[in-house]
Amino acid sequence: MEQQSARAQKGEIEFRRKLFNQQVEGESVFEDEFDGKEISKILGERMKKTLEQMTLLKGKNIVRPPFVEIGAERCQRSLVMENDLDTAGAAVDISYDMLKSCDYYKGVFNKNKVPFRICCDANKLPFMTGSIPFVFCYQTLHHFPDPTPIVKEIYRVLSPGGYFAVNEEPFKKVLYVNLYKGKKIYSKEPAKTSKVGNIFNFFFSKTNCNEVKYGVIENERIPIGVWRQALSGFEDKQVFLRAIKNIKSELFNPTNYLKFLFAYLFGGEIHGICRKPGNSIPKDISIKDILICPVCRETGQESKLIQKERGILCSVCASEFPIVDGIVFLFSSGKFQELYPEIFNNANIKK
Ligand SMILES: [Zn+2]
């Protein structure tokens, strides 16, 4: 299993810092990325969709607190969970700037409560094994070379009987020849491409975007088999492959082989819910009760963390994890020093 490299992690942090400067501070950094007004409109649409989806899942008793959102970025979806679904939880991301921008978007979208925000590595989630009833992510797992280690880590932290909801992740299309570098995605360019151009791009070009220049991984080519293997440990798997608009197939035990074949050839988006076997969902716990020390974790120990005034303290190794602008930094010492050297140097972390 290939892990996300330090270069990709630093790229995420650097690229998203620049996005913050452009979209929150109003600086002009990228000509072809959205400005504050444009991104707010998109976030509003995403929030609307999340509210619809999560309301449905809450009705089925799948959404239960505390939730964890992986790759939460600006926390727009976690804001919906906290304020519109009255479900408390944690927003997790490797980018401090994206998590910080939650304060800004809270105002834009007129929300009161913010999620508990944790800056950490998704490979090492700082939660006790078997403690979280509901984990979800949108457009996150394809930022890793292989989704398998992240799914494994999500599985670990889920409580028995807990659910994982995966949304809007790409899967590989087989009909594909890489002839030229494509137009940029997630920026303003694709809107201007003609229909024929879009079809041509679909078959012959590789996805290209500003993120990639910074070393961020955009893994559009995760094979169906990898997704299947990564999610195989769950039970009650309701996961779907959506290829072009309305063609939808089950990932596991497809009922319509023609639709499955179509999805296999044309690629598309994967989404669904999976349940961890067992049944022991915790009641009335707060995310702060189940945090573990990332330094002790390196030695295989799960040590509880205690919230103090200045930061969060490990009762075993005495490391003090800083809280900056409401964001808790929970990295092992090596990773912390590598990704956020200035904050690390001011903190009291055991090596
Ligand atoms: Zn510790």
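Take 0 as the starting number for the sequence shown in numbering that gives the first Met the number 0 and just add one per residue.
Yeah, the Cβ is synthetic: ideal placement off N, Cα and C, and Gly gets one too.
(Q) If I measure Cβ to Cβ from Thr298 and keep anything under 7 Å in the same chain, skipping five residues before and after, which residues do I get? (A) none
Q: Look up Leu250 in the DSSP assignment and say whether it is helix, strand or coil.
A: coil
(Q) Closest to Cys136 by C-alpha separation, out of Ile272, Ser39, Gly267, would be which residue? (A) Sorting Ile272, Ser39, Gly267 by C-alpha distance to the C-alpha of Cys136 places Ile272 at the top.
Q) Is the closest heavy atom of ligand 3 to the C-beta of Lys349 under 8 Å? A) Because ligand 3 does not appear in the structure shown, any question about it cannot be addressed here, the ligands present being ligand 1.
Q | Lys48 (DSSP reduced to helix, strand or coil) | A | helix
(Q) Counting C-beta neighbours from all protein chains within 10 Å, is the total for Lys334 16 or more, i.e. buried, or is it exposed? (A) buried
Q) If you run the structure through DSSP and keep just helix, strand and coil, what is Gln336? A) DSSP places Gln336 in helix when its eight states are reduced to three.
Q. How long is the line joining the alpha carbons of Ser100 and Gln306, rounded to whole angstroms?
A. Their backbone Cα atoms lie some 23 Å apart in a straight line.
Q.
If I measure Cβ to Cβ from Arg6 and keep anything under 6 Å in the same chain, skipping five residues before and after, which residues do I get?
A. Its chain contains Gly214 as the residues whose beta carbon lies nearer than 6 Å to that of Arg6, once the 5 sequence neighbours on both sides are disregarded; these appear in chain order.
Q: Using the Cα positions of Leu50 and Met80, report the straight-line distance between them to the nearest angstrom.
A: 8 Å
Q) Who's in the neighbourhood of ligand 1, going by beta-carbon under 6 Å from any heavy atom, listed in chain order? A) Cys292, Val294, Cys295, Ser302, Cys313, Val315, Cys316, Ser318
Q.
Tell me the residue span of the beta strand (DSSP E) that contains Lys138.
A. Note that residue 138 is Gln in the sequence shown here, rather than Lys. No beta strand (DSSP E) contains Gln138, which DSSP labels as neither H nor E.
(Q) Here's the rule: buried if 16 or more other CB atoms are within 10 angstroms of the residue's CB, otherwise exposed. What is Ser331? (A) So Ser331 ends up on the buried side.
**Q.** Span of the beta strand (DSSP E), counted from its first residue to its last, around Phe320
**A.** 319–323
(Q) Within a Cβ cutoff of 6 Å, which residues of the same chain sit near Lys110, ignoring the five residues on either side of it in sequence? (A) Leu78, Asn82
Q: Please work out which residues of its chain come closer than 8 Å, Cβ to Cβ, to Val156, disregarding the five sequence neighbours upstream and downstream, and give them in chain order.
A: Val67, Leu124, Phe126, Met127, Thr128, Gly129, Ser130, Ile131, Val134
Q. Which class does Pro159 belong to by DSSP, given the choice of helix, strand or coil?
A. strand
Q. By Cβ distance, which residues of its chain are closer than 6 Å to Phe115, with the 5 residues on each side in sequence left out?
A. Excluding positions up to five away in sequence, the list reads Ala89, Ile286.
Q: Quick one: residues in its chain with C-beta nearer than 7 Å to the C-beta of Gly338, no 5 flanking neighbours on either side, listed in chain order?
A: At residue 338 the sequence reads Leu, which differs from the Gly that was named. Around Leu338: Gln8, Lys9, Ile12, Phe330.
Q) What is the DSSP secondary structure of Asp283, counted as helix, strand or coil? A) coil
Q.
What residue range does the alpha helix (DSSP H) around Val225 cover?
A. Looking at the DSSP string, the run of the alpha helix (DSSP H) that includes Val225 is 223–229.
Q: Out of Tyr154, Glu152, Ser158, Glu217, point me to the one whose CA is closest to Phe170's CA.
A: Checking every option, the nearest Cα to that of Phe170 belongs to Glu217.
Q) Whose C-alpha, out of Cys118, Asn252, Phe265, Ala164, is nearest the C-alpha of Leu56? A) A check of alpha carbon separations from Leu56 across Cys118, Asn252, Phe265, Ala164 identifies Ala164 as the nearest.
Q: Go ahead and pull the three-state DSSP assignment for Lys303.
A: strand
Q | Local Cβ density within 10 Å of Arg309, reported as buried at 16 or more and exposed below that | A | Label assigned to Arg309: exposed.
Q: Give the secondary structure of Val238 by DSSP, where H, G and I count as helix, E and B as strand, and everything else as coil.
A: strand
Q.
Our contact map puts Tyr104 next to Leu42 with C-beta atoms below 8 Å; I'd like the distance itself, whole angstroms only.
A. 7 Å
(Q) I need the straight-line Cα distance from Val344 to Ser314, nearest angstrom please. (A) This sequence places Asn at residue 344; Val is not what is there. Going from the Cα of Asn344 to the Cα of Ser314 covers about 21 Å.
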